[in-house]
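J.: Following my numbering, the numbering of the sequence shown begins with 30 at its first residue and continues without gaps.
We put the beta carbon where it would ideally sit given N, CA and C, even for glycine.
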Amino acid sequence: MPNNASTKNRGIFLLPNLLTTAGLFSGFFAIVASMNNQFESAAVAIFIAMVFDGLDGRVARMTNTQSDFGAEYDSMADIVSFGMAPALVMYNWALSDLGKFGWLAAFIFVAGGALRLARFNTNHGSSDKRYFQGLAIPSAAAIVSGLVWVGSKYEVAPDSISYLAAIITICAGLLMVSNFRYHSFKDVDWRGRVPFVVILAMVLAFVVVATEPSLVLFSIFFLYALSGPILTVRSVKRLELKHVVGDTDDDCDEDEEKADKSAKKEQTEEKKDAGD
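1) So, G221 versus I137, is the Cβ gap smaller than 7 angstroms?
2) Between the alpha carbons of T94 and A59, how many angstroms are there, rounded?
3) Answer yes or no: do V139 and A116 have a C-beta to C-beta separation smaller than 7 angstroms?
4) Anyone know if the C-beta pair for L124 and L164 falls short of 7 angstroms?
5) Give me the Cβ distance between R210 and Y160, rounded to the nearest whole Å; I'm assuming they're in contact under 8 angstroms.
6) Determine, using beta carbons only, whether S63 and V109 come nearer to each other than 7 angstroms.
7) Would you tell me roughly how many angstroms separate the C-alpha atoms of M368 and T198, rounded to the nearest one?
8) In its own chain, which residues sit with a C-beta less than 6 angstroms from the C-beta of W122, not counting the 5 before and 5 after it?
9) What is the DSSP secondary structure of R148, counted as helix, strand or coil?
10) What are the partner residues of Q162, as DSSP defines its beta bridges?
11) Beta carbon of S243, beta carbon of V179: below 7 angstroms?
12) Keeping to the same chain, check which residues put their C-beta closer than 7 angstroms to that of P167; ignore five residues upstream and five downstream.
13) Find out if the Cβ-Cβ distance for the pair S55, I77 is shorter than 7 angstroms.
14) Grab me the residues of V173's own chain with a C-beta within less than 6 angstroms of its C-beta, minus the 5 sequence neighbours each way, in chain order.
15) Considering only C-alpha positions, which residue in the set L133, F247 and Q162 is nearest to I196?
16) Exposed or buried, which one is P45 when buried takes at least 16 other CB atoms within 10 Å?
17) Taking the Cβ atom as the reference point for each residue, do G141 and L246 lie within a distance shorter than 7 angstroms?
18) Over what stretch of residues does the alpha helix (DSSP H) that includes L229 continue unbroken?
19) Using only alpha-carbon positions, find the residue among A74, T240, K271 and A194 that is nearest to S207.
20) Quick one: residues in its chain with C-beta nearer than 8 angstroms to the C-beta of S191, no 5 flanking neighbours on either side, listed in chain order?
21) So, for R312: in the same chain, excluding its five sequence neighbours on each side, which residues have a beta-carbon less than 6 angstroms away from its beta-carbon?
22) Considering only C-alpha positions, which residue in the set A71, R263 and I75 is nearest to S181?
23) Between Y102 and T151, is the Cβ-Cβ spacing less than 7 angstroms?
24) Considering Cα atoms alone, identify which of A74, F42 and E241 is closest to V88.
25) Skipping 5 residues on each side, what residues in its chain have a beta carbon closer than 7 angstroms to that of T92?
26) Can you give me the start and stop residues for the alpha helix (DSSP H) that N26 sits inside?
27) Return the first residue and the last residue of the alpha helix (DSSP H) that M91 is part of.
28) Hey, how far is the Cα of L47 from the Cα of V232?
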């Protein structure tokens with residue numbers, strides 16, 4: 030008689046993988062659109078891919094349809110939608126005239142994204158859920174594609190900011206492989222009750238984004254990229270090389286380490302009291 034557990038795991042869940050495929054399609058469309066000089070559509074497609082990327086994991090958890098296949102497929106889709114697509118869109122828009130420096134800048138972004146995903150997948154089980162180690166690849170993609178979107182929207186000549194675009198692309202790639210700590214917002218209770226003013230603030234936020242989506246979204250993700258170094262510097266007593274780059278644990282906050290030790294000590298004392 031076959032094992033029911035092994036038989037059940039042979040199938041592929043449709044809904045979350047369908048959303049992942051939609052994100053992959055958006056990333057591929059961005060590449061094709063940039064080849065046809067439709068840079069605004071290409072940048073928007075990458076942001077649409079971000080929406081699908083945010084939905085597939087949450088839908089999988091809500092519907093209890095998580096699987097190893099889905100996790101691997103999501104990573105493969107991410108390297109296309111948030112690694113290759115932003116780099117090629119930026120290259121076709123502003124970096125192609127820089128020659129070797131231009132395509133090397135784009136490659137640094139792609140390599141940084143691939144390394145970021147590999148590190149995230151290997152440290153996923155042991156890392157602090159409240160923080161990302163390094164800039165997440167969708168956020169880095171939002172910075173690069175957001176710059177293209179702003180430039181296309183306001184008709185900025187790409188050759189006038191080509192070196193600035195290259196520097197931003199390189200910095201985004203390096204931030205992904207850094208050890209800077211970024212808030213993941215995974216500790217937010219999305220199911221909990223909130224005051225009415227919070228809903229009002231969300232409505233106002235949507236209105237602000239809708240007024241100038243390209244400029245507002247680019248500004249938000251650019252400031253988020255800056256928050257990592259600021260958070261890291263504020264969370265350590267003395268900034269060291271391991272806090273910026275290299276092999277280190279995700280949790281580099283000395284105060285949190287002391288808090289964890291204190292919590293373990295309290296638990297041990299409670300167990301002793303219960304035994305007495």
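T.: Walking through what the data contain:
1) no
2) In a straight line, the C-alpha of T94 is about 29 angstroms away from that of A59.
3) yes
4) No, the pair does not count as a contact, with Cβ atoms beyond the cut-off.
5) 5 angstroms
6) Cβ distance not < 7 angstroms, so S63 and V109 don't count as in contact.
7) Not covered by the structure: residue 368. The range shown for the chain is 30 to 305.
8) For W122, where only same-chain residues beyond five positions count, the Cβ hits under 6 angstroms are F68, V177 and P187.
9) Looking at R148 - three-state DSSP - the assignment turns out to be helix.
10) R210
11) yes
12) Excluding positions up to five away in sequence, the list reads M79, D82 and F111.
13) yes
14) P115, M119, T198 and A201
15) L133
16) buried
17) no
18) F225 to T240
19) K271
20) A123, L124, D126, L127 and G131
21) Outside the shown range of the chain, which is 30 to 305, sits residue 312, and nothing can be said about it.
22) A71
23) It is not a contact, given that the beta carbons lie outside the stated cut-off.
24) F42
25) L44, listed in sequence order.
26) Outside the shown range of the chain (30 to 305) lies residue 26, about which nothing can therefore be said.
27) If you look at M91, you'll find it in the alpha helix (DSSP H) that goes F68 to M91.
28) 29 angstroms
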